[in-house]
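**Student:**
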């Protein structure tokens, strides 16, 4: 089990409230809002951290991907084989 899988396992064991709080903490490292693909709809829907949360309901066009440069992705070794989480699904979906 890699570091990302351990994180997901930990998140899944938390209560819904604690899971939401932990994800909010992780969002502090998220670069999704500064990505060229991120749009106003995603901002208004407070979508981000797509590598965990999965596909966006708002983003329809890929304009560039900065997933591999995200501090969160680097820490959990994401973005090596997968990216465009907002369009192609979260890390677990892409594996």
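In this note's numbering, the protein residues as written are 1 to 95. Here a beta-carbon is modelled for each residue, glycine too, at the ideal position from N, C-alpha and C. Bear in mind the structure is a predicted one, so any value in this text is a computation, not a measurement.
Which one of 69, 41, 30 has the shortest CA to CA distance from residue 50?
**Tutor:** Within the chain shown, the letter at position 50 stands for residue 50. Answer by Cα proximity: 30.
**Student:** Taking the C-alpha atoms as reference points, what is the distance between residue 88 and residue 54?
**Tutor:** Locating residue 88 in the chain shown gives position 88, where the first residue counts as 1. Locating residue 54 in the chain shown gives position 54, where the first residue counts as 1. The straight-line gap from Cα to Cα measures roughly 8 Å.
**Student:** Could you say which of 42, 95, 11 lies nearest to residue 61 if we only look at CA atoms?
**Tutor:** Within the chain shown, numbered from 1, the residue matching residue 61 stands at position 61. Among 42, 95, 11, the Cα nearest to that of residue 61 belongs to 42.
**Student:** Give the C-beta separation of residue 82 and residue 75 to the nearest angstrom, bearing in mind that I take them to be a contact with Cβ-Cβ under 8 Å.
**Tutor:** As a first step, residue 82 is located in the chain shown; it is residue number 82 there, counting from the start. As a first step, residue 75 is located in the chain shown; it is residue number 75 there, counting from the start. Rounded, the Cβ-Cβ distance is 15 Å, inconsistent with contact.
**Student:** Using DSSP with H/G/I as helix, E/B as strand and the rest coil, what is residue 14?
**Tutor:** Position 14 of the chain shown holds residue 14. Reduced to three states, the DSSP call for residue 14 is coil.
**Student:** Residues in the same chain with beta-carbon distance under 7 Å from residue 39, minus the five sequence neighbours each way, listed in chain order, please.
**Tutor:** Within the chain shown, numbered from 1, the residue matching residue 39 stands at position 39. Only 58, 59 meet the Cβ criterion.
**Student:** Just how far apart, CA to CA, sit residue 18 and residue 32?
**Tutor:** Locating residue 18 in the chain shown gives position 18, counting from the first residue. Locating residue 32 in the chain shown gives position 32, counting from the first residue. So the two alpha carbons sit approximately 22 Å from each other.
**Student:** Assuming residue 44 is part of the alpha helix (DSSP H), what are its boundary residues?
**Tutor:** Position 44 of the chain shown, counted from the first residue, corresponds to residue 44. 40-44 is the extent of the alpha helix (DSSP H) around residue 44.
**Student:** Is the beta carbon of residue 12 less than 8 Å from the beta carbon of residue 27?
**Tutor:** Mapped onto the chain shown, residue 12 falls at position 12. Mapped onto the chain shown, residue 27 falls at position 27. Against a cut-off of 8 Å, the Cβ pair of residue 27 and residue 12 comes out as no contact.
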